[in-house]
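Residue numbers (the numbering used here): 2 to 188.
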C-alpha cells in the first residue's frame, strides 16, 4: 500500500513538472505588422510628427526604388532575374517584415510602405494601444524594440546600410540619423 502511494505521488509530481515545463515554453501570441497608417493615427505633428518625418524620408520610398530601371539592371547583372520586387535579398532591406509569413501582417499593412515604423520598432499589434504606448516599459514588454544607446540604433541601421548592398557608398550614421530622428514629444 505504501509503495502504491509513493508511486501515485511520484506520478503526480512528474505530471506536474511536465505540465509546468509545457506551460513555461508555450509560445506567446506573435505580434503582427500593422502598417504606417495605424502607427500614424497617433504619431502626428502634435506628438513629434514621426509620420511626417518618415513620409519625407528615403525609407518611405524603399520599395518603390526596387521598381526602378536601375534596380532591374542590378538584379539582372547578378543573375537574380529582372524584377527586384521578387528578390529576397532586395526585399530584406526594402520592405518591413520581409520574409515573414503572411499571417504576420494585418490588412492595414502595405508592402509599398517600404521601410516603415515597424522595421525598427518591431511589429506593433501588441503595443499599439495608447495606454501601452504611454508606458515605455509596457511597450517594450509588448514587443516594441528598445534601443538603450545610440550605438544600438546605429547597429540596427547597419543591418542594411552596409557593404552587402550593391549601391553602398558608405554610411555616416550621425548624418543619416539627423535626417530621420523622430523623438516623441511629451504631452
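Beta carbons: idealized from backbone N, C-alpha and C, even for Gly.
In terms of Cα proximity to residue 63, the closest of 43, 75, 81 and 96 is 96.
Rounded to the nearest angstrom, the gap between the Cα atoms of residue 93 and residue 54 is 22 Å. Per DSSP, reduced to three states, the secondary structure at residue 106 is strand.
Counting every other CB atom within 10 Å of its CB across the protein chains shown gives residue 151 a total below 16, marking it as exposed.
By the Cβ criterion, the stretch 44-61 is in contact with the stretch 173-187, since at least three pairs of Cβ atoms, one from each stretch, lie closer than 8 Å. Look at residue 34 here: in three-state DSSP terms it is strand.
Rounded to the nearest angstrom, the gap between the Cα atoms of residue 174 and residue 160 is 12 Å.
Exposed is the label assigned to residue 169, since fewer than 16 other Cβ atoms lie within 10 Å of its Cβ. In this structure residue 144 is buried. Its beta-carbon is surrounded by 16 or more other beta-carbon atoms within 10 angstroms.
The DSSP-derived three-state label of residue 65 is helix. Within the model, the alpha-carbon separation for residue 176 versus residue 68 is close to 27 Å.
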